[in-house]
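Throughout, our numbering is defined as the position within the sequence shown, counted from one, plus 1. The beta carbon of each residue, even a glycine, is placed where N, CA and C say it ideally should be. Note that the structure is predicted; figures quoted are calculated from it, not measured.
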Amino acid sequence: MIAQVDAVEEILGEFSGAHRDQLIPILQAVQDRCGYLSREAMIRVGRHLQLPVSKIYGVATFYNQFRFQPVGRYHCQVCRGTACHVKGSAGVLDAMRQQLKIEPGQTTRDGMFSLEVVACIGACGLAPVISVSGEFHAAQTPESARRLVARYAKEATTHASA
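The structure is reproduced here in C-alpha cells:
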C-alpha cells in the first residue's frame, strides 16, 4: 500500500495546480501506474483537486476504462466487438468464465488471473481475439481459450518453482 500511496503522490505532483478538468487524465495516470483505482487513491485525488470523493467515484464509474480491483498477473481481456461477437466470442468468454471460476471484472483468489470484457480490442481481422497481459491470441474457440488458460497456469507454476 505504501508504494501505491507514493505512486499516487508522485502523479499528483506531476499535476500540480491541476483543476477538475484534469480529473480523467489523473485517474488514467493513477490506473496506469497502480493497475487500478483504489479507494485511497480516489481520496487523495479528491483532496488534490478539492473535489468530493463521491464526484471522483461518479466520474470513474461512468467510464468503463477504470478498474476498482487489482488485476491478476495474467489479465485476460475478451473482445466482444461486432467481428468477435459474430465469430463466437460469447462461447470463448463462457469457456474462460467456467475455467477460471470468475466473472468479468473479477480476479481469481490466488491473484493469478483477472477477466475483463472489452468492447473492441481493435484486431477485428483476428476475431475472436483474447488479449492476455497485452499479448494477442487470434481465432479463439472455447477449446483453444481453455488451453490458453491452462498454458498460462502451467507457466505460472513453472516459474514459481524455478
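For Q99, the uninterrupted alpha helix (DSSP H) run begins and ends at 90–101, by DSSP. Judged by their CB atoms, A42 and V31 are nearer to each other than the 8 Å cut-off. For V79, the enclosing beta strand (DSSP E) starts and ends at 75–80.
Proximity to V54 across A140, R21, Q5, S90 peaks at R21, based on C-alpha coordinates. Note: T108 is bridge-paired with S115 in the DSSP secondary-structure output. Just so you know, the alpha carbons of F69 and E144 end up roughly 30 Å apart. If you ignore the 5 residues before and after R74, its C-beta comes within less than 6 Å of the C-beta of M113, all in its own chain and listed in chain order. Looking at the DSSP output, V133 sits in a beta bridge with C77, E136.
In this structure P26 is exposed. Its beta-carbon is surrounded by fewer than 16 other beta-carbon atoms within 10 angstroms. With respect to M97, C77 sits close: the two C-beta atoms are nearer than 8 Å.
Excluding sequence positions up to five before and after I57, its CB lies within less than 6 Å of the CB of M43, V46, G47, all in the same chain and listed in chain order. The beta carbons of L116 and L127 sit no closer together than 8 Å. Residue state for G47 is assigned as helix, using DSSP reduced to three classes. With at least 16 other beta carbons inside 10 angstroms of its own, S90 counts as buried. Taking all protein chains shown into account, Q141 has 16 or more neighbouring C-beta atoms within 10 Å of its C-beta and is therefore buried. For C35, the enclosing alpha helix (DSSP H) has its first and last residue at 24–35. In the three-state DSSP reduction, R68 falls in the coil class, being neither helix nor strand.
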